[in-house]
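In order, the protein sequences belong to chains A and B. Per the numbering used here, numbering of the first sequence is gapless, rising by one per residue and ending at 194. Per the numbering used here, numbering of the second sequence is gapless, rising by one per residue and ending at 194. Worksheet for the structure shown next.
Protein chains: 2
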Amino acid sequence: MDETRAQILDAAEQLAQQRGFNAFSYRDIAEQIGIRGPSIHYHFPSKDDLGVALVERYREQFAQACTHIDRKARTVSDRLRRFAALFRATLERGNRMCLCGMLAAELSTLSEPIQLGVQGFWSDCERWLAGALEDGRETGELSFRGDSARRAAVVLAGLEGAMLAARVADDPGKFERIARTLLDELTA
Amino acid sequence: MDETRAQILDAAEQLAQQRGFNAFSYRDIAEQIGIRGPSIHYHFPSKDDLGVALVERYREQFAQACTHIDRKARTVSDRLRRFAALFRATLERGNRMCLCGMLAAELSTLSEPIQLGVQGFWSDCERWLAGALEDGRETGELSFRGDSARRAAVVLAGLEGAMLAARVADDPGKFERIARTLLDELTA
DNA sequence: GTCTATAAGATGATAGAC
DNA sequence: GTCTATCATCTTATAGAC
Numbered sequence: 007m008d009e010t011r012a013q014i015l016d017a018a019e020q021l022a023q024q025r026g027f028n029a030f031s032y033r034d035i036a037e038q039i040g041i042r043g044p045s046i047h048y049h050f051p052s053k054d055d056l057g058v059a060l061v062e063r064y065r066e067q068f069a070q071a072c073t074h075i076d077r078k079a080r081t082v083s084d085r086l087r088r089f090a091a092l093f094r095a096t097l098e099r100g101n102r103m104c105l106c107g108m109l110a111a112e113l114s115t116l117s118e119p120i121q122l123g124v125q126g127f128w129s130d131c132e133r134w135l136a137g138a139l140e141d142g143r144e145t146g147e148l149s150f151r152g153d154s155a156r157r158a159a160v161v162l163a164g165l166e167g168a169m170l171a172a173r174v175a176d177d178p179g180k181f182e183r184i185a186r187t188l189l190d191e192l193t194a
Numbered sequence: 007m008d009e010t011r012a013q014i015l016d017a018a019e020q021l022a023q024q025r026g027f028n029a030f031s032y033r034d035i036a037e038q039i040g041i042r043g044p045s046i047h048y049h050f051p052s053k054d055d056l057g058v059a060l061v062e063r064y065r066e067q068f069a070q071a072c073t074h075i076d077r078k079a080r081t082v083s084d085r086l087r088r089f090a091a092l093f094r095a096t097l098e099r100g101n102r103m104c105l106c107g108m109l110a111a112e113l114s115t116l117s118e119p120i121q122l123g124v125q126g127f128w129s130d131c132e133r134w135l136a137g138a139l140e141d142g143r144e145t146g147e148l149s150f151r152g153d154s155a156r157r158a159a160v161v162l163a164g165l166e167g168a169m170l171a172a173r174v175a176d177d178p179g180k181f182e183r184i185a186r187t188l189l190d191e192l193t194a
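Here it is, written out as structure tokens:
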């Protein structure tokens, strides 16, 4: 539909993931896509509107990616590896943080609608992970202590933390090593 | 010695942990301690100077806390639990994020001296954790796969990610459950 | 839809009085 | 050491021309 709108969201997403939502301006977005700052207000009246749309789209795209994994992956281990690969791909595309990991850090400075979206993303991920873990345990492919919801929270926190760690170390391989260790733990 | 300087650092630390380094101003600090904004420039000429001092002090205090743990804790499990408790205490003091976890998210917007300090904090923590894990494996108290440095990175990423998760869920208990699960894994 | 012009406020920072 | 006054700049946002 609206090409400019998509360009704005793409640029804003990149900036938010690399710098944080509080560390970029309408002007930064405008310069990236070759228009003038105030033109963006036509598409997103306030920065808050932009933030809400950003999180909404990110959540939808991530949910689609998870659905795609469910269709394609043959084993539970494969599902989990592909899930981790989504985060790794984000990291390798310009050293970006997970958008909702970044916004989690900035949470207290964000409007309530944005906060709710961020919470939604985290619970979406935990629900999907818990489902995969539950499946794996039922088929005997996975083995872990505690309930799957609790373990899902551990895996997600580990992946988000691993993205921070990889950025600090300036080493994408660090993410991979942490993610791999986290997942290997489940096939003991 | 300099009481005002310490007050400034205390206020700045709180603000940086709650909102992020890019989301507070000299004025915010000044209002908290009852002086005027520009007065802060006498103690910290630039915000960058403040950031460097902030990370430096945080690193030192954390290192001291780790040394204290080494003196007091009787078992390796106890050492690890107390280490995790440092993060939990931060979280429970006004829902603060680990300063260097927050700065890890904002990393690309920070000056090189600050970035180096953040990297230093993460490697300090990993080194301390790796030492504890190595000790635990030698005495047979712990059991885990892979080398201790790699496992230390997993634990630290898990704890930092757990802080983000707990803030998003608005539930400090979430940090505790994730941390506990991470550490229980080591005593299989 | 995008532009220019502009407002209103915040920000990091400096100068100079006390 | 802290103050007031002030600066240049940036930021979100609006109004109105094209």
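The C-beta atom is built at its ideal place from N, Cα and C for all residues, glycine as well. These numbers were taken from a predicted model, which means no experiment stands behind them.
Give the residues of chain A in contact with residue i, contact being defined as C-beta atoms less than 7 angstroms apart.
i, result
"Val174(B)", "Ala110, Leu113, Val124, Gln125, Trp128"
"Ile184(B)", "Ala159, Val160, Ala163"
"Arg156(B)", "Arg183, Thr187"
What in chain A is Cβ-close to residue i, meaning under 9 angstroms?
i, result
"Asp190(B)", "Arg151, Gly152"
Could you spell out the range, first to last residue, of the alpha helix (DSSP H) harbouring residue i?
i, result
"Ala110(A)", "105-111"
"Thr115(A)", "Here Thr115(A) belongs to no alpha helix (DSSP H), and DSSP marks it neither H nor E."
"Gly57(A)", "53-78"
"Pro178(B)", "178-190"
"Ala163(A)", "154-175"
"Asp84(B)", "82-98"
"Ala17(B)", "9-25"
"Glu206(B)", "In the structure as shown, chain B starts at 7 and stops at 194, and residue 206(B) therefore has no counterpart that could be examined."
If the cut is a Cβ gap below 8 angstroms, which residues of chain A does residue i touch?
i, result
"Gly26(B)", "Gly26, Asn28, Ala111, Glu112, Thr115"
Please list the partners that residue i has in chain B, where partner means a Cβ-to-Cβ separation under 9 angstroms.
i, result
"Leu170(A)", "Gly107, Ala110, Ala111, Leu113, Trp128, Ala163, Glu166, Gly167, Leu170"
Exposed or buried, what is residue i when buried is set at 16 or more other beta-carbons lying within 10 Å of its beta-carbon?
i, result
"Arg198(A)", "Past the boundaries of the shown model lies residue 198(A); chain A is included only from 7 to 194, so the question cannot be answered."
"Ser31(A)", "exposed"
"Leu97(B)", "buried"
"Tyr64(A)", "buried"
"Lys78(B)", "exposed"
"Gly100(A)", "exposed"
"Leu148(A)", "buried"
"Arg85(A)", "buried"
"Arg151(A)", "exposed"
"Glu191(B)", "buried"
"Glu66(B)", "exposed"
"Arg215(B)", "Chain B is shown only over 7 to 194; residue 215(B) falls outside these bounds and no answer can be derived."
"Asp165(A)", "Contrary to the premise, residue 165(A) reads as Leu rather than Asp in this sequence. The residue in question, Leu165(A), is buried, as its Cβ has 16 or more Cβ neighbours within 10 Å."
"Glu37(A)", "exposed"
"Glu195(A)", "The requested residue 195(A) does not occur in the structure, where chain A is confined to residues 7 to 194."
"Gly179(B)", "exposed"
"Gly142(A)", "buried"
Note down, in chain order, every chain B residue with its Cβ under 8 angstroms from the Cβ of residue i.
i, result
"Lys180(A)", "Ala159"
Is the CB-CB distance between residue i and residue j below 8 angstroms?
i, j, result
"Val61(B)", "Thr187(A)", "no"
"Ala155(A)", "Ala168(A)", "no"
"Ala59(A)", "Leu15(A)", "yes"
"Leu162(B)", "Glu132(B)", "yes"
"Val124(B)", "Leu135(B)", "no"
"Leu92(B)", "Gln23(B)", "no"
"Arg173(A)", "Leu113(B)", "yes"
"Gly43(A)", "Thr115(B)", "no"
"Met103(A)", "Ala111(B)", "yes"
"Ile39(B)", "Ala17(B)", "yes"
"Leu170(B)", "Gly107(A)", "yes"
"Thr193(B)", "Ser52(B)", "no"
"Leu21(B)", "Asp34(B)", "yes"
"Phe181(B)", "Arg94(B)", "yes"
"Ser117(B)", "Asp54(B)", "yes"
"Asn28(A)", "Ala175(B)", "no"
Going along the chain, which residues of the stretch 49-66 of chain A sit with their C-beta nearer than 7 angstroms to a C-beta in chain B?
none
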